[in-house]
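All remarks here apply to the structure that follows.
Number of protein chains: 2
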Amino acid sequence: MAVRAGQAASAAPSGVTAASGFRAGTAGADVRGDGGSRPDVAILASQTTAAAAGVFTSNRVKAAPVVVSQIHLKRGLARAVVVNSGNANACTGSRGLADALRMAQTTADVVDCAPSEVLVASTGVIGRPLPIERVRAAIIAAGRGLDRGQGRLAAEAIMTTDTHPKEAEARFEVGGVVHTVGGMAKGSGMIHPEMATLLAFVTTDARVSPVLLAQLLRAGARSSFNTISVDGDTSTNDSCLVLANGAAGGPELDAGSPGAELLTAALGQILQGLAEQVVADGEGATKTFEVRVCGALDERQARMAARTVTSSPLVKTAIHGGDPNWGRILAAVGRSGAELALDRCRLAIGGYEMFAMGRVTEAPLEQVAQALGQPRIAIEIDLGLGDGEATALGCDLSPEYVRINADYST
Amino acid sequence: MAVRAGQAASAAPSGVTAASGFRAGTAGADVRGDGGSRPDVAILASQTTAAAAGVFTSNRVKAAPVVVSQIHLKRGLARAVVVNSGNANACTGSRGLADALRMAQTTADVVDCAPSEVLVASTGVIGRPLPIERVRAAIIAAGRGLDRGQGRLAAEAIMTTDTHPKEAEARFEVGGVVHTVGGMAKGSGMIHPEMATLLAFVTTDARVSPVLLAQLLRAGARSSFNTISVDGDTSTNDSCLVLANGAAGGPELDAGSPGAELLTAALGQILQGLAEQVVADGEGATKTFEVRVCGALDERQARMAARTVTSSPLVKTAIHGGDPNWGRILAAVGRSGAELALDRCRLAIGGYEMFAMGRVTEAPLEQVAQALGQPRIAIEIDLGLGDGEATALGCDLSPEYVRINADYST
C-alpha cells in the first residue's frame with residue numbers, strides 16, 4: 001500500500017496551525033485512484049479538547065461526512081479534524097456513512113481521543129465509494145507527521161480544482177495575551193448558486209464557550225461565505241468548522257466583552273479573507289466583482305438581488321468580456337424577487353453611474369471599459385426604496401470554466 | 411433614409427401566415443446601427459380584427475413594448491403585431507414608452523386600424539433608445555410588402571443570436587372545415603433561468619372567444635415554454651402572443667367542445683414545437699436534454715426539481731462533456747427545494763439507471779457515455795415520494811456560449 005507522508009516540516013506555522021496548540025499532518029492516499037502522489041488527506045489536531053462549531057450545506061443531499069460532523073458537534077467539542085480531497089463521499093449510502101465513521105475512528109486512534117471528538121470533511125467527486133483502506137493508512141501516516149509547520153501542506157492537501165492553497169491569519173490582544181486566529185479553505189467551482197464544494201477550517205487559541213463560538217461562526221459566515229454562499233443553495237459537502245482551544249492562556253472571552261468583540265472581528269477577517277480567495281480562484285475566473293445593493297425594502301431583498309446578479313451567467317459572461325452591459329444587471333435584479341421601481345433605481349459600474357432614475361446616463365464608456373478590465377470590479381445598485389443593504393461577491397464566467405467542468409468526473 | 415424591404419414574396423405561406431387571413435411584411439431599419447441590411451422589422455396583419463391573448467415575462471423590469479401590449483390586450487382583440495430585433499426597448503424610460511406607442515401608431519396607419527389593436531414586441535440590447543424614425547420607415551416599407559408568402563422572412567427578421575428561423579404549423583378539421591394554426595419564435599441564450607428574450611407569435615384561422623383563447627394560451631404555455639421558462643424567471647421582453655381571426659369560416663369553438671379540444675391540441679403542438687426549436691438553438695448549444703421528474707410530492711416540487719437541473723451550470727457542462735456525472739444532477743435536485751429522500755430516489759441517464767434507492771448502480775458506463783453523445787439526452791428522476799410530475803428541457807453549456815455572450819452589446 002503506497003502511503004506518502006507530507007513533506008518534513010520546515011515551514012513556519014501558518015493557516016490552521018498559526019494558533020497555539022494546533023498541529024497538522026498530511027499524506028497521500030491516491031484517493032482519486034489515478035496513481036497520483038499528491039497529499040490528499042489532512043488531519044488537524046488540537047493539543048486539548050477544543051470548543052467547536054460548524055455551519056453546513058442546506059442541500060437536502062448531505063454527504064456522509066457532513067452527517068457525521070453534525071452529530072459529533074452536538075456537544076460543541078472536538079479534538080481533531082480529518083479531511084480528504086478527490087472524493088466527496090456523497091450519495092454513497094450506508095457504506096459512505098460507515099467510511100466517514102471509520103475516518104473518525106482512525107483519526108481518534110492517531111490523536112488519542114474519542115471518535116466523537118473528530119470532525120470529518122470530504123470534497124471531490126460524488127457517488128463513488130472511498131478507497132477507505134488507503135485513506136485510513138494515509139491518516140495514520142499523517143498522524144506520524146503532525147507538526148505546527150504543516151499548515152500550508154494541509155491547505156494544499158484539501159485542494160481539488162483550486163489553483164493555489166488558501167490561508168489567512170489574524171491576531172488580537174486581550175489583557176496582554178496575544179491571541180491568534182488562523183484558517184484554511186478550499187473551494188473553486190461556481191460557488192454560488194451551486195458551487196463545487198466549499199470547505200473552511202478555522203482555529204484559534206482563544207478560550208470561548210461552545211455556545212458563543214457557534215454564535216460567532218454563524219454571524220461571521222453570514223457576512224462572508226454566505227455572500228458567496230455556504231448554507232443557501234449549496235453543494236452536498238459544504239462545511240465550515242471552527243475550533244477554539246484556549247492555548248493562548250488568556251481568560252475565557254464572555255459574550256459582549258471587549259475580548260469577544262476582538263475575537264468576532266478577527267474571525268470575521270479570516271472568513272472574509274478566505275471567501276475572497278475562494279472567489280478569486282473560481283474555476284476559470286479571470287476577475288472578481290462585488291455587487292453592493294442598497295435601498296432595498298429590507299436586507300433579505302437586498303441579498304436576493306445581489307446574489308442573483310453575481311450568479312447570472314449573462315452578467316458573468318459580460319464581465320468576462322469587459323462589456324458594460326448594465327441592462328443584464330438590471331434584468332437580473334428584476335427577476336430576483338426584490339421590489340424594484342426603475343424610476344427610483346441607480347446603477348454604477350466601477351464608480352461610473354450608468355443608469356439613474358429610469359434612464360441611461362452619459363457615462364464615459366471608455367473609462368467604464370477600463371474599469372471592467374481590472375481584476376476587481378465594483379457594481380453598485382441603489383434601489384431607492386428602503387434601508388436594505390447587502391453585498392455579494394462573484395467571478396466571471398469564462399470558456400475555461402466550461403472546459404474544467406465538462407470532464408471533471410471522468 | 412435607407413429602408414430595405416424584405417424579399418419579394420415567392421415563398422409559400424408558412425408559420426404565422428399559414429393560417430388564412432394573415433399576412434406578414436418585413437424590412438430593414440438597421441436597428442443595430444451598424445449599417446447592416448438584414449430585415450429587422452416585421453409586421454403581421456390579420457384581415458379582420460382577431461381575438462388575441464398574450465403571456466408575458468414576470469420580470470419586474472418590463473420592456474416598453476410589453477407594457478404597451480399588455481394594455482392593448484385588455485379587450486382581447488388585435489389586428490396586427492409589430493416586432494423589431496436588435497434593440498429590446500427596455501430600461502428606456504418614458505422615451506421608450508413613446509417609441510413603443512409610435513410603433514403601434516405607425517403600424518395602425520399601415521394596416522388601417524386603431525393603434526390599440528396593435529401589439530408590439532422588441533428584442534435585443536437593453537437600455538439603448540430605438541432609432542425610431544428608421545423603425546417607422548421600415549414599418550411603412552414592410553406594410554407595402556404585406557403578403558401571405560412572407561411568413562418565413564418574418565421569422566428571420568425577429569432573430570437575434572438565433573442561428574436559424576423557427577416556425578411550426580398544425581391543422582385540424584371541425585365539421586368539414588380545415589383549421590390551421592401556425593407560429594414563429596425567436597429565442598436563444600440560456601432561456602432558463604434568465605434567457606435572452608423569447609418571443610413567440612401564433613396565429614389561427616379558428617373562431618374562438620378572447621376569453622377561451624387566453625385560457626388555452628396559458629395552458630399551452632405552461633406545458634411548453636414554461637418548461638423552458640417564459641413567465642417564471644425571465645427576461646425583460648418575453649412575450650407569447652396568439653391571434654385567432656376566424657377566417658377558416660368554421661363555427662365558433664366553445665369551451666369544452668370537441669372543436670376546442672382539437673384547437674387546444676394544435677396550439678399545444680405549435681408551442682411545444684417552437685419551444686423545442688428554441689432550446690435546440692440555445693446559444694452555443696450542441697445537445698438538448700429533457701429532465702423528467704416523477705414521484706415528487708406535488709407538481710410544483712417536480713417542476714422546481716426539473717428546472718433546477720436544466721439550469722445547473724455544473725450539469726450543463728457535464729452534459730457538454732458527455733460526462734455521466736449523476737452526482738451533480740442529484741445535488742441540483744437537493745438544492746431545488748423539492749423534498750428528497752435519497753433511499754427512495756432513482757435516477758436514469760439515457761434509459762440507464764445510475765442510482766437507485768440510495769446507492770450507485772452497476773450501469774454500463776460505455777453505453778451511458780454513448781447516450782450522452784447523442785443530440786438529445788433523456789434524464790429521468792423518480793423521487794419516490796408522491797404523484798408530482800414535470801418535465802423541463804435544457805441545453806448544454808459550451809465555451810461558445812461564453813464567447814457569444816462575452817461581447818453581445820459591444
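Protein sequence lines, in the order shown, are assigned to chains P and R.
Here the first sequence is numbered in this note's numbering, starting from 1 and rising by one per residue.
Here the second sequence is numbered in this note's numbering, starting from 411 and rising by one per residue.
Just so it is clear, CB atoms sit at the ideal spot from N, CA and C, and this is done for glycine as well.
Could you work out which residues of chain R lie near residue i, taking near to mean beta carbons separated by less than 7 Å?
{"i": "P399 of chain P", "result": "P809, V812, R813"}
{"i": "S235 of chain P", "result": "A741"}
{"i": "R300 of chain P", "result": "By Cβ distance, chain R contributes nothing, its closest Cβ being about 16 Å from R300 of chain P, past 7 Å."}
{"i": "I317 of chain P", "result": "What sits at residue 317 of chain P in the sequence shown is Thr, not Ile. Ordered by position in chain R, the residues that pass the 7 Å Cβ test against T317 of chain P are V812, N815, A816."}
{"i": "G327 of chain P", "result": "A500, C501, V535, I536, G537"}
{"i": "L342 of chain P", "result": "V471, C501"}
Counting only Cβ pairs nearer than 9 Å, list the residues of chain P close to residue i.
{"i": "V478 of chain R", "result": "What V478 of chain R touches in chain P: nothing, since even the nearest Cβ is about 16 Å away."}
{"i": "L608 of chain R", "result": "Near L608 of chain R there are no residues of chain P at all, since even the closest Cβ is about 13 Å away, more than 9 Å."}
{"i": "P785 of chain R", "result": "Chain P residues near P785 of chain R: none, gap ~16 Å exceeds 9 Å."}
Beta-carbon within less than 8 Å of residue i's beta-carbon, same chain only, minus the 5 sequence neighbours each way: which residues are those?
{"i": "T820 of chain R", "result": "The predicted model places T820 of chain R with a pLDDT of 44, which falls under 50 and marks its position as unreliable; any figure quoted below should be read in that light. So the list is empty, once near-sequence residues are dropped."}
{"i": "F289 of chain P", "result": "T310, I319, R376, I377, A378, I379, L393, G394, C395, D396"}
{"i": "Q777 of chain R", "result": "G760, Y762"}
Using C-beta distances below 6 Å, list every residue in its chain close to residue i, excluding the 5 sequence neighbours before and after it, in chain order.
{"i": "A9 of chain P", "result": "Here A9 of chain P scores only 44 on pLDDT, less than 50, and its place in the model is too uncertain to base an answer on."}
{"i": "A380 of chain P", "result": "Note on residue identity: the sequence assigns Glu, not Ala, to residue 380 of chain P. If we look at E380 of chain P and ignore the five residues flanking it on each side, its Cβ neighbours are R292, A348."}
{"i": "A14 of chain P", "result": "Strictly speaking, residue 14 of chain P in this sequence is Ser, with Ala absent from that position. Closer than 6 Å at the Cβ level, and outside the excluded window around S14 of chain P, lie G151, R152, E167."}
{"i": "A463 of chain R", "result": "L623, A624, L627, V652"}
{"i": "L342 of chain P", "result": "G358"}
{"i": "G761 of chain R", "result": "none"}
{"i": "L262 of chain P", "result": "F172"}
{"i": "E389 of chain P", "result": "C294, A302"}
{"i": "T204 of chain P", "result": "A19, V181, A244"}
Quick check on this structure: which residue in the options has the alpha carbon closest to the alpha carbon of residue i?
{"i": "A265 of chain P", "options": "P:E169, P:D387, P:G175, P:T92", "result": "P:E169"}
{"i": "S312 of chain P", "options": "P:A332, P:H320, P:A302", "result": "P:A332"}
{"i": "G175 of chain P", "options": "P:R144, P:R134, P:G249", "result": "P:G249"}
{"i": "D572 of chain R", "options": "R:C704, R:Q682, R:Q687", "result": "R:Q687"}
{"i": "S20 of chain P", "options": "P:V177, P:K62, P:T107, P:R38", "result": "P:V177"}
{"i": "Q480 of chain R", "options": "R:M569, R:L511, R:R448, R:T590", "result": "R:L511"}
{"i": "G25 of chain P", "options": "P:V81, P:R32, P:V61, P:L77", "result": "P:V81"}
{"i": "P449 of chain R", "options": "R:Q777, R:Q515, R:A422, R:M569", "result": "R:M569"}
{"i": "A712 of chain R", "options": "R:E772, R:G737, R:D733, R:L750", "result": "R:L750"}
{"i": "T106 of chain P", "options": "P:S85, P:V118, P:G96", "result": "P:V118"}
{"i": "S633 of chain R", "options": "R:S526, R:E709, R:D733", "result": "R:E709"}
{"i": "G356 of chain R", "options": "P:N325, P:L383, P:E400", "result": "Nothing about residue 356 of chain R can be reported from this structure: the residues present for chain R run from 411 to 820 only."}
{"i": "P399 of chain P", "options": "P:A306, P:M354, P:G321", "result": "P:G321"}
{"i": "A437 of chain R", "options": "R:A567, R:T727, R:L684", "result": "R:A567"}
{"i": "V471 of chain R", "options": "P:R344, P:A406, P:G373", "result": "P:R344"}
{"i": "R485 of chain R", "options": "R:L608, R:V530, R:T696, R:V621", "result": "R:V621"}
{"i": "V31 of chain P", "options": "P:P165, P:L314, P:P131", "result": "P:P131"}
{"i": "V545 of chain R", "options": "R:D509, R:F466, R:R554, R:D797", "result": "R:D509"}
Under 8 Å Cβ-Cβ, which residues of chain A neighbour residue i?
{"i": "R713 of chain R", "result": "Chain labels in this structure do not include chain A; the protein chains are P and R."}
Determine the burial state of residue i: buried for a count of at least 16 other Cβ atoms within 10 Å of its Cβ, exposed for fewer.
{"i": "G445 of chain R", "result": "exposed"}
{"i": "I329 of chain P", "result": "buried"}
{"i": "P65 of chain P", "result": "buried"}
{"i": "T48 of chain P", "result": "exposed"}
{"i": "A670 of chain R", "result": "buried"}
{"i": "G124 of chain P", "result": "buried"}
{"i": "D522 of chain R", "result": "exposed"}
{"i": "A524 of chain R", "result": "exposed"}
{"i": "G506 of chain R", "result": "buried"}
{"i": "S85 of chain P", "result": "buried"}
{"i": "A422 of chain R", "result": "exposed"}
Using a C-beta to C-beta distance shorter than 9 Å, which residues of chain R count as neighbours of residue i?
{"i": "V360 of chain P", "result": "C501, T502, G503, G537, R538, P539"}
Suppose the cutoff is 7 Å on Cβ atoms and the five residues either side in sequence are ignored; what does the same chain contact list for residue i look like?
{"i": "I814 of chain R", "result": "T571, E693, G694"}
{"i": "P364 of chain P", "result": "Y352"}
{"i": "A473 of chain R", "result": "A498, N499, A500, S532, T646, N647"}
{"i": "T696 of chain R", "result": "H730, D806, S808"}
Can you pull the chain P residues whose beta carbon is under 8 Å from the beta carbon of residue i, in chain order?
{"i": "R512 of chain R", "result": "Going along chain P, no residue has its Cβ under 8 Å from R512 of chain R, so there is no contact; the nearest lies around 18 Å."}
{"i": "F765 of chain R", "result": "C91, G127"}
Cβ closer than 8 Å: which chain R residues qualify as neighbours of residue i?
{"i": "L372 of chain P", "result": "Neighbours of L372 of chain P on chain R: none; closest Cβ ~10 Å, over 8 Å."}
Cβ closer than 7 Å: which chain P residues qualify as neighbours of residue i?
{"i": "G744 of chain R", "result": "N59, R60, V61, T236"}
{"i": "L507 of chain R", "result": "Within 7 Å Cβ-Cβ: nothing; L507 of chain R doesn't reach chain P, min ~10 Å."}
{"i": "H730 of chain R", "result": "V402, A406"}
The stretch 122-147 of chain P: which residues have C-beta closer than 9 Å to a C-beta of chain R, in chain order? Residues are counted here when their Cβ sits less than 9 Å from a Cβ of chain R; for the stretch 122-147 of chain P these are V125, I126, G127, R128, P129, given in chain order.
Can you list, in chain order, the residues of the stretch 33-67 of chain P whose Cβ is nearer than 7 Å to any Cβ on chain R? From the stretch 33-67 of chain P, only N59, R60, V61 have a Cβ closer than 7 Å to chain R.
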